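Residue numbers (my numbering): 3 to 671.
Written out below as structure tokens is the structure these notes cover.
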């Protein structure tokens, strides 16, 4: 059935493409059959003076396209083949004119052609064509690519759909690349067509049986904000050191692209030349990028990573990629270093029920811990954390664990969970049947999380750096948290003179920045014992509460850029690994802990909700004692996950309430 596309600008100036079937559109476009014939006649009269067979006036393209649509509508009504033939011919005339003048019309018109006739796929080359359209901004092309992908998936054209999804993800990267303001990047990623793009792309690849493409697109779509921090994605800070002139040129070109991508006003006197300016700027951008990629260490800048690269992240244990497309399907993909990825289908309808309940249970657990009471809050008892953990076990963990065991993954070995944003606050690591005689996940595998696959790869690559030992840098606020004094005292006893500790008025924002900026030959563990604040809509403003001013994630990113070896960050504060409201969460894992991992720390210890004040000193004591049991010079950062696992398991075995021990998570290698 024929599809009509209409393009217009939304309130943000972004091109929005809307489709309707011809039958649905007829009532809106034409009130009655007489009006249809009258309108066709009127359009012919209007176009007669300005369009000939040899030349199409650019100003008449919209009218020609409208006439093409009306002729299609009349063909649907009367079945006169001459109307259809003329409609097609007019469409080709308009497309030729758009190509000739490089008009923005081309971007969305071509998508009308693709989906008016699925056979048009034979001439549509996805990334080979749309990515080279320089007549419109990256955001316009992104909107077109998303529409293309979703429509192709609906029609069952999976090869086309996968190409279009990959293109959309690539264009999303470009849209965020030209935005230097992180808030603007976040605004783009919060768009409806961008927020869950990765989950839809992954689901499409799974439907097509292409699990490798699913893994590639999941990684590309879930690491946009944090990729700004990683050298392998957007290393302008390092580029300035290597090639300052090239870095400056690239930055200026990005600014030009950002300005040219803004929606022009109706009174813009340069509207006609804007497409040419945009094309020229994009050509300069591409040329600069080619030069940058020739430099050592920059060959893969702004390039998606292939499956062969990503699978290397599973060298120490399988990675379980969880994906939820609430409109179609949910799955887990088990990623292993040398074997093919394995699909574990999950129950989408069940997850739609249990994830909101899990979020409610986490909120209730947070309240109970803050009140110092393990008595269930509320009269209905719907927020039982244990019940949520049982549901997570039944519908997520159990099918995955059973498959891992079938694949021969040894029990008590390590596994990594790679959840989407909507699951980032779900305590998957603590899931279990919680029935006498049956084992929970904690008894079978040691669980870690990661905010991206590339973060694991980079952390392991950095381990090749040499270091002489490990030291501790700690910041605490005992005025706000009285037991912090005892906690830091324990750390002093473990690290001795290798510990540098700042408390209360010594633990200022500037002191933290100065200390984090110091580069040395020793590896470093950084311990924060204070309050924290997560800003999911402005993640780089998430912060740690210092004595005078908050230390933001952006401060840490800038400070740690020169730090030699970043082993571990222990975030002994509430909600440090939480991701906020999951109802409209993006695909990306947004939390303080995830941001700290992305800034370069190999391992991060965080909490999903409030930690009990009384647990801080003992947990830190047991954790660091295990970690340092072989001394500062035999320190192994990979032991952080083991140390936390054993410490938390000991808390559980001592009958500490589940609300207290299950809040702690490990992120990283």
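Backbone N, C-alpha and C define an ideal beta-carbon position, used for all residues, glycine too.
Small disclaimer: the values here were computed from a predicted structure and weren't measured.
Per DSSP, the continuous alpha helix (DSSP H) segment holding residue 362 begins and ends at 350–373. Taken atom to atom, the span from the alpha-carbon of residue 258 to that of residue 290 is near 13 Å. Here the alpha carbons of residue 452 and residue 419 stand approximately 7 Å from one another. Distances from the CA of residue 438 to each of 253, 392 and 152 were compared; the closest alpha carbon is that of 392. When beta bridges are read from the DSSP output, residue 478 appears opposite 505 and 531. Under the DSSP assignment, residue 201 falls outside any beta strand (DSSP E), being part of the alpha helix (DSSP H) whose first and last residues are 199–209. In the three-state scheme derived from DSSP, where H, G and I count as helix and E and B as strand, residue 306 is classed as coil. When 540, 557, 330 and 472 are compared, the shortest CA-CA separation from residue 525 is found for 472.
Looking from the CA of residue 212, the closest CA among 390, 309 and 43 belongs to 309. Around the beta carbon of residue 43, fewer than 16 other beta carbons lie within 10 angstroms, which makes this residue exposed. Membership of residue 653 in the alpha helix (DSSP H) is indicated by the continuous run 641–655. Our two residues, residue 336 and residue 536, have alpha carbons roughly 30 Å apart in a direct line.
Counting only residues of its own chain and dropping the five nearest sequence neighbours on each side, residue 73 has a CB closer than 6 Å to the CB of 85, 88 and 89.
Looking from the CA of residue 144, the closest CA among 159, 96, 199 and 156 belongs to 199. In the DSSP assignment, residue 325 falls within the beta strand (DSSP E) that extends over 321–327. Nearest neighbour of residue 311 by Cα position, chosen from 552, 455 and 247, turns out to be 455. Non-local beta-carbon contacts of residue 314 in its own chain, meaning distances under 8 Å to residues more than five positions away in sequence, involve 339 and 459 in chain order.
Partner residues in the beta bridge of residue 669, as assigned by DSSP, are 451 and 606. The straight-line gap separating the alpha-carbon atoms of residue 364 and residue 323 is approximately 22 Å. For residue 402, the enclosing alpha helix (DSSP H) stretches over residues 400–408. For residue 510, no beta strand (DSSP E) run applies, since DSSP gives it neither H nor E. A direct Cα-Cα distance of roughly 18 Å separates residue 93 from residue 38. No Cβ-Cβ contact shorter than 8 Å links residue 573 with residue 602. By the Cβ neighbour-count rule, residue 409 is exposed, with fewer than 16 other Cβ atoms within 10 Å of its own. Counting only unbroken stretches of 3 or more residues, no beta strand (DSSP E) element lies wholly within the region 68–99. The beta carbon of residue 343 sits closer than 7 Å to those of 213, 214, 217, 335, 336 and 337, all from its chain and outside the five residues before and after it, given in chain order.
When the five nearest sequence neighbours on each side are left out, the beta carbons in the same chain lying within less than 7 Å of the beta carbon of residue 616 are those of 485, in order along the chain. In this structure, the straight-line span from the alpha carbon of residue 628 to that of residue 353 is close to 37 Å. Pairing residue 509 with residue 558, the inter-Cα distance amounts to about 14 Å.
In the DSSP assignment, residue 627 falls within the alpha helix (DSSP H) that extends over 617–629. Beta-carbon to beta-carbon, residue 595 and residue 662 are separated by about 18 Å, too far to satisfy the 8 Å threshold. A direct Cα-Cα distance of roughly 5 Å separates residue 505 from residue 478. Fewer than three pairs of CB atoms, one per stretch, sit closer than 8 Å, so the region 443–450 makes no contact with the region 492–505.
Around the beta carbon of residue 463, fewer than 16 other beta carbons sit within 10 angstroms, so the residue counts as exposed. By the Cβ criterion, the region 651–658 is not in contact with the region 489–497, since fewer than three pairs of Cβ atoms, one from each stretch, lie closer than 8 Å.
Following the DSSP letters along the chain, one finds residue 337 inside the beta strand (DSSP E) bounded by residues 331–337.
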